[in-house]
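Notes for the one structure printed next.
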Amino acid sequence: MTTTAPGVHRGLAGVVVDTTGISTVIQETNSLTYRGYPVQDLAARRSFEEVAHLLWHGELPDEGQLRDFRARERALRPLDRTTLELLTRLPDTCHPMDVLRTAVSFFGAEDPAEDDGSPAANRAKSLTLLARLPTVVAADQRRRHGLAPIPPDPSLGYAENFFHMCFGGVPAPEVVRCFEISLVLYAEHSFNASTFTARVVTSTLSDLHSAVTAAIGALKGPLHGGANEAVMRMLLEIGDPRRAEEWLEEALAAQRKIMGFGHRVYKHGDSRVPIMQEALDRLVARAADPEATRLATLHAALRDAMAGRKGIHPNLDYPAGLAYHLMGFDTPVFTPLFVMSRVTGWTAHITEQLAHNALIRPLASYDGPDQRAVPDAA
Ligand SMILES: CC(=O)SCCNC(=O)CCNC(=O)[C@H](O)C(C)(C)COP(=O)(O)OP(=O)(O)OC[C@H]1O[C@@H](n2cnc3c(N)ncnc32)[C@H](O)[C@@H]1OP(=O)(O)O
Ligand SMILES: O=C([O-])CC(=O)C(=O)O
Numbered sequence: 417m418t419t420t421a422p423g424v425h426r427g428l429a430g431v432v433v434d435t436t437g438i439s440t441v442i443q444e445t446n447s448l449t450y451r452g453y454p455v456q457d458l459a460a461r462r463s464f465e466e467v468a469h470l471l472w473h474g475e476l477p478d479e480g481q482l483r484d485f486r487a488r489e490r491a492l493r494p495l496d497r498t499t500l501e502l503l504t505r506l507p508d509t510c511h512p513m514d515v516l517r518t519a520v521s522f523f524g525a526e527d528p529a530e531d532d533g534s535p536a537a538n539r540a541k542s543l544t545l546l547a548r549l550p551t552v553v554a555a556d557q558r559r560r561h562g563l564a565p566i567p568p569d570p571s572l573g574y575a576e577n578f579f580h581m582c583f584g585g586v587p588a589p590e591v592v593r594c595f596e597i598s599l600v601l602y603a604e605h606s607f608n609a610s611t612f613t614a615r616v617v618t619s620t621l622s623d624l625h626s627a628v629t630a631a632i633g634a635l636k637g638p639l640h641g642g643a644n645e646a647v648m649r650m651l652l653e654i655g656d657p658r659r660a661e662e663w664l665e666e667a668l669a670a671q672r673k674i675m676g677f678g679h680r681v682y683k684h685g686d687s688r689v690p691i692m693q694e695a696l697d698r699l700v701a702r703a704a705d706p707e708a709t710r711l712a713t714l715h716a717a718l719r720d721a722m723a724g725r726k727g728i729h730p731n732l733d734y735p736a737g738l739a740y741h742l743m744g745f746d747t748p749v750f751t752p753l754f755v756m757s758r759v760t761g762w763t764a765h766i767t768e769q770l771a772h773n774a775l776i777r778p779l780a781s782y783d784g785p786d787q788r789a790v791p792d793a794a
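Here the sequence shown is numbered in this note's numbering, starting from 417 and rising by one per residue.
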């Protein structure tokens, strides 16, 4: 725990600020549960849509509920002309997270029921965001390649439709499955920085779109969601598996943080990594491509070097970053993919915060100048 002065918990490390019934990390077994279900089992046996329903409603959907959920999600995917025009006006030099943040803020400005923060209204807004964000991400990725957006296909599931909108086709089921596993694993992680941001905004009784917009800003940073992109840039910078150890020594000597390693809560490895790593291994094996094999070898070499040198293990961003690269996504799109998933957790927390709200307003220990007289103006 980081403590800089008596009673000060910099970074809120080790501070329990509220209760939650949405998810928990069980330190003793190094596991994570969503509403009581182990995330590994959810990733192996359930779709992302089912997990979104679980996070929002507290229970997995039955057959009828899932059919209804899917039908509503599919119907909400298209963007109107104003949003599509707005996207084309943003500079294509800006980061895709800026585009997503702007889009959510714009949806909030357009939302006629913005002042209605009831659970039912917020659930409807959450589903609309879940359905529309992939359409924004895909259109933005294509525009950066000079390509027109591909409209959503309501005959396709959430993950398949996203590939269709990005690339004009759906890859092999194993690739789609790997993507879906990443979405399930990224969906929720208790009071992480972006979720806490959403809860802080909500605690002032502000609206859902404001909270999600702020959460996107928090996720963008490389110490949080931005790490999945940074992992890929780091692997490309190292380039050769034989350079991994030497590169690591130089990076540590330069006091660099090694992206995709370490975690505030997990100190012996991230509970989500084994399942994402297995999915990544399957992706690499399926690709049967020398470049994919070389990157996977480098990925493993850096992981082993980091474990040996610092005893610090990968977090979920480490395998997810390489997996997204092998699926064909541009590196700057990796954190928006995280948003597409985490919007479920954020919005579940917004509802929970509102259900037993207390304004979030911590104290600070002052270490500035002693009180002094204001000098006369010059
Ligand atoms: C989905 C997610 O958001 S997961 C997190 C994604 N972020 C990253 O991968 C960025 C890289 N990792 C990090 O910067 C950190 O591990 C964090 C921010 C995730 C967690 O940080 P904290 O809990 O504050 O741990 P803290 O930064 O105090 O690290 C403790 C020690 O481990 C070291 N350490 C932790 N992570 C790393 C890392 N990735 N590279 C090098 N050293 C590290 C720190 O330098 C520190 O060493 P010291 O005690 O000698 O000063
Ligand atoms: O919990 C955290 O601090 C970061 C993280 O892994 C996540 O948000 O998934």
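By construction, the Cβ of each residue, glycine as well, lies at the ideal position given by its N, Cα and C atoms.
Just to check, is the beta-carbon of residue i closer than 8 Å to a non-hydrogen atom of ligand 1?
i, result
"LEU753", "no"
"ALA429", "yes"
"LEU563", "no"
"MET648", "no"
"HIS605", "yes"
"ASP686", "yes"
Look at residue i and residue j and say whether their C-beta atoms are less than 9 Å apart.
i, j, result
"ALA875", "GLY737", "Because the chain is modelled from 417 through 794, residue 875 falls outside the range shown and cannot be assessed."
"HIS473", "LEU482", "no"
"LEU516", "ARG559", "no"
"LEU668", "ARG725", "yes"
"MET581", "PRO570", "no"
"PRO752", "LEU543", "no"
"THR767", "PRO477", "no"
"ALA634", "PHE612", "yes"
Express the C-alpha separation of residue j and residue i in angstroms, rounding to a whole number.
i, j, result
"ALA708", "ALA547", "31 Å"
"HIS684", "ASP514", "33 Å"
"ASP532", "HIS679", "37 Å"
"HIS729", "SER687", "11 Å"
"PRO587", "PHE677", "30 Å"
"THR436", "GLU604", "12 Å"
"TYR734", "ASN644", "6 Å"
"VAL432", "HIS425", "11 Å"
"ALA537", "SER781", "39 Å"
"PHE485", "GLN557", "27 Å"
"ALA764", "ILE438", "7 Å"
"ALA794", "GLN787", "21 Å"
Is residue i a contact residue of ligand 2, with contact defined as CB to any heavy atom under 8 Å?
i, result
"TYR450", "no"
"ASN731", "yes"
"SER610", "yes"
"TYR740", "no"
"ARG548", "no"
"HIS580", "no"
"ARG558", "no"
Using a 10 Å radius around the Cβ and a threshold of 16 neighbouring Cβ atoms, would you call residue i buried or exposed?
i, result
"ILE442", "exposed"
"LYS673", "exposed"
"GLU665", "exposed"
"HIS625", "buried"
"ALA459", "buried"
"LEU621", "exposed"
"GLN693", "buried"
"GLU465", "buried"
"HIS741", "buried"
Residues in its own chain within less than 6 Å of residue i by CB, not counting five upstream and five downstream?
i, result
"ALA695", "CYS594 and ILE597"
"GLU489", "ALA547"
"GLY573", "none"
"ALA575", "VAL592, PHE595 and GLU596"
"VAL700", "ALA708 and ALA712"
Can you give me the Cβ contacts of residue i inside the same chain, cut-off strictly under 7 Å, excluding the 5 residues immediately before and after it?
i, result
"VAL755", "LEU516, LEU549, ILE632 and LEU635"
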